[in-house]
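Protein chains in written order, with my numbering: chain Y, 49 to 382; chain X, 49 to 382. Ideal Cβ positions, reconstructed from N, Cα and C, are used throughout, including at glycine. Shown next, in structure tokens, is the structure this report addresses.
There are 2 protein chains.
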Amino acid sequence: MNILVLPACLLAVVATGLATPGDPPAKVPPPLASWRDTDAKKAVLEFVAKVSDEDSAVFVPPAERIAVFDNDGTLWPENPMPFQLAFALDELKRRLPDEPAWKDDPAVTAALEGNLPALLADHYKGLFRIIELTGSGLTTVEFADRVRAWLATAKHPRFDRPYDQLAYLPMLELLAYLRAHDFKTFLVSGGGADFMRVFSERVYGVPPEQVVGSNTRVVYDLREDGPVLVKTMNDLFIDDKAGKPAGIHQFIGRRPIACFGNSDGDRQMLEYTTIDNPHPSLGLIVHHTDAEREFAYDKDAKSSGKLVTSLADAPERGWILVDMRNDWAEVFAP
Amino acid sequence: MNILVLPACLLAVVATGLATPGDPPAKVPPPLASWRDTDAKKAVLEFVAKVSDEDSAVFVPPAERIAVFDNDGTLWPENPMPFQLAFALDELKRRLPDEPAWKDDPAVTAALEGNLPALLADHYKGLFRIIELTGSGLTTVEFADRVRAWLATAKHPRFDRPYDQLAYLPMLELLAYLRAHDFKTFLVSGGGADFMRVFSERVYGVPPEQVVGSNTRVVYDLREDGPVLVKTMNDLFIDDKAGKPAGIHQFIGRRPIACFGNSDGDRQMLEYTTIDNPHPSLGLIVHHTDAEREFAYDKDAKSSGKLVTSLADAPERGWILVDMRNDWAEVFAP
């Protein structure tokens, strides 16, 4: 519904949320409240204003307002390791007593030793082996239940909070701000789709059908107790680097006009969003500069999140760099 | 926004569309106007009413109201052949003069002879070869342009209309009716996602990101004139039969509560939607019984749309059978 055709009595409702006509107008919090008033915030506000103003020469119809967000390092931390890897390692340890054969697997040895470089070597071969051991053969419902159980009990080693309470507050505000301006917000992440969908709606307000992630085929079976989908490792799709624009096409089928990332794994989707896009577009990189409140890394990232080429290309491409330490007044919700 | 908290002055707007407060209340057309008042229509209306009534014991929150629609034979005809096959054959003929090597290909010979059984034999091997020849190597933008050009010129041999003007009117009404009750409508079809996305929003009101179809990987490339995605035949996923629930999980990530199909290719997604679903659910099969206005076929379908097992299972599963001849007052828009 176009706001211009709303009856006057409704304008206050739109402006103040769910107030009824009798209420005095509520105070609307300023957008992006946890962002400091720096150039990064200004650039975001200006972009959203110009594409959502019908009188603007660069107005973008709501249906085309697609925004894509990387997850690890962009919406929540990826240190000391991506949270999904922490889940897989915890699952491995939990199930190990019942799976004696696992002990002879070199990936398991590396995992139990906490040897992250060994797990990530050879195109993440060890990591995928751990993911296979802890996920393959489960039904999608069983897998989701395990993720849910882990989120309910595990805590981040440094912040001592459940992992799903570590979303960056400024980014949650940004997601909500874009949606309030009729953007459709998607996750486009190297993380597993089946992993992220367990919490994406609750934590980010992003429904499962707007989650694009790494994935494999599932196999349908009609069992005695109903239909199930069984996880396999077939046709593994890694939604990272050049896989990100491919995943965006496969799952969304249109070019985004706004893209948010933090590493070289996001470079290709930043390009796909911002280079020669017929619509105006926004590319933004969260630069981890805040060792005190979060972490500080870029070229020397230890597990994931290496940021070199995206950083080098940013000035020429017009991508906005968010300096976490200076641009964010808060990092996490209190 | 919950309709119960709307100011009174807005209720008329919601009821009548975009009328402004000064207008007299417009006459709202009855829902599913092209459906006759038979059991099929009643079942649909009752299902939608009970899941969208907040006071109902079986109320389903809007976010969970996922409806999936097969395309060929469910939303538009699939005779004398699926429309995408007609497109591929027309493309083959159009490009043949410039591609002399194609003439030696047995699939091309079968296609030029109109030998449909040969093309569909051996798990559609010939058909996929034609799809490869006419699509692989193109960018996604080039491919969409070709589909668009074809839709603008080609006409259906029997109905003498552009193919995209052959959507079933009762099904268009059903799509709109479900969306008016906060259902999110998806295509889940054996057709190619890249083919259907060209017209899905315009013809069905289904945006590209809600189209689940057969697909292959695309390869990202940053060229001189901007980023492109090149079509390949890698990792072919056929969104049919057991592939449909798998595709639903991969792309949507939740179980639908309403499923609409017309053939044995839809049986597994009907099962996945309706068997042991924690929510109430609806399964519906369009039975082609109308040789006069459209086509009549089920077990003897010639190209696609064979209907045997889904029909046999329908009574036990509680799936609604739509008898096209008796249940639909109109088939196509005038």
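Which chain X residues are close to residue i, counting only those with a beta carbon under 8 Å from its beta carbon?
i	result
Y:Phe299	Glu257, Phe299
Y:Glu319	Leu270, Pro275
Y:Pro326	Chain X residues near Y:Pro326: none, gap ~10 Å exceeds 8 Å.
Y:Ile440	A question about residue 440 of chain Y goes unanswered here, because the residues of chain Y that appear run from 49 up to 382.
Y:Ala111	Glu249, Pro255
Y:Ala241	Gln298, Gly301
Mapping DSSP to helix, strand and coil, what is residue i?
i	result
X:Arg143	helix
X:Ile114	strand
X:Ser82	coil
Y:Thr201	helix
X:Asp193	helix
Y:Met49	Any reading at Y:Met49 must be qualified, since the residue scores a pLDDT of 35, below 50, and its modelled position is unreliable; the value itself is stated next. The answer is coil: DSSP assigns Y:Met49 none of H, G, I, E or B.
Y:Asp348	coil
Y:Lys289	coil
Y:Arg177	helix
X:Phe207	coil
X:Leu164	helix
X:Lys232	strand
X:Gly239	strand
X:Asn119	coil
X:Asn263	strand
X:Trp150	helix
X:Leu217	helix
Y:Asp338	coil
X:Gly366	coil
Y:Phe107	coil
X:Gly353	coil
X:Gly253	coil
Y:Gly183	helix
Y:Asp101	coil
X:Phe247	coil
X:Phe343	coil
Under 7 Å between beta-carbons, which chain X residues line up against residue i? List them in chain order, please.
i	result
Y:Asp283	Asp283
Y:Arg245	Gly301
Y:Asp230	Correct list: empty, because the minimum Cβ distance to chain X is about 13 Å.
Y:Gln384	Summary: the structure shown does not reach residue 384 of chain Y, with chain Y confined to residues 49 through 382, and so no result is reported for it.
Y:Thr188	His297
Classify residue i as buried or exposed, calling it buried when 16 or more other Cβ atoms lie within 10 Å of its own Cβ.
i	result
Y:Thr86	exposed
Y:Asn374	exposed
Y:Thr188	buried
X:Arg142	exposed
Y:Asp242	buried
Y:Asn127	buried
Y:Leu52	The predicted model places Y:Leu52 with a pLDDT of 37, which falls under 50 and marks its position as unreliable; any figure quoted below should be read in that light. With fewer than 16 Cβ atoms within 10 Å of its Cβ, Y:Leu52 is classed as exposed.
X:Ala362	buried
Y:Ser352	buried
Y:Val236	buried
X:Pro130	buried
Y:Pro256	buried
X:Glu190	exposed
Y:Thr322	buried
Y:Gly384	This structure leaves residue 384 of chain Y out entirely; chain Y is present only between 49 and 382.
X:Lys279	buried
Y:Thr357	exposed
X:Leu66	Summary for X:Leu66: the model assigns pLDDT 43, below 50, so the residue's position carries little reliability; its value from the coordinates is reported in the next sentence. The residue is exposed, with fewer than 16 neighbouring Cβ atoms inside 10 Å.
X:Ala149	exposed
For residue i, which residues in chain X fall below 9 Å Cβ to Cβ?
i	result
Y:Asn263	Gln298
List the residues of chain Y whose Cβ lies closer than 7 Å to the Cβ of residue i, in chain order.
i	result
X:Arg194	In chain order: nothing, as chain Y lies at least about 16 Å away.
X:Ala290	Tyr268
X:Pro293	Tyr268, Pro275, Leu277
Would you mind telling me which residues of chain Y sit closer than 9 Å to residue i, beta carbon to beta carbon, in chain order?
i	result
X:Asp361	By Cβ distance, chain Y contributes nothing, its closest Cβ being about 11 Å from X:Asp361, past 9 Å.
Return the Cβ separation of residue i and residue j in integer angstroms, given the expectation that the two are a contact with Cβ distance under 8 Å.
i	j	result
Y:Leu217	Y:Val379	7 Å
X:Val195	X:Met317	Not really, about 25 Å apart at Cβ, beyond 8 Å.
X:Gly291	X:Asn119	With a Cβ gap of about 14 Å, X:Gly291 and X:Asn119 do not count as contacting.
Y:Asp269	Y:Val276	5 Å
Y:Ala377	Y:Ser82	5 Å
X:Val334	X:Thr122	5 Å
X:Pro328	X:Lys98	7 Å
Residue i touches chain Y at which residues, Cβ-Cβ below 8 Å?
i	result
X:Thr233	Chain Y residues near X:Thr233: none, gap ~12 Å exceeds 8 Å.
Subject >> Unbroken stretches of the beta strand (DSSP E), 3 residues or longer, contained in the stretch 267 to 326 of chain X >> reply: 274 to 279, 306 to 309
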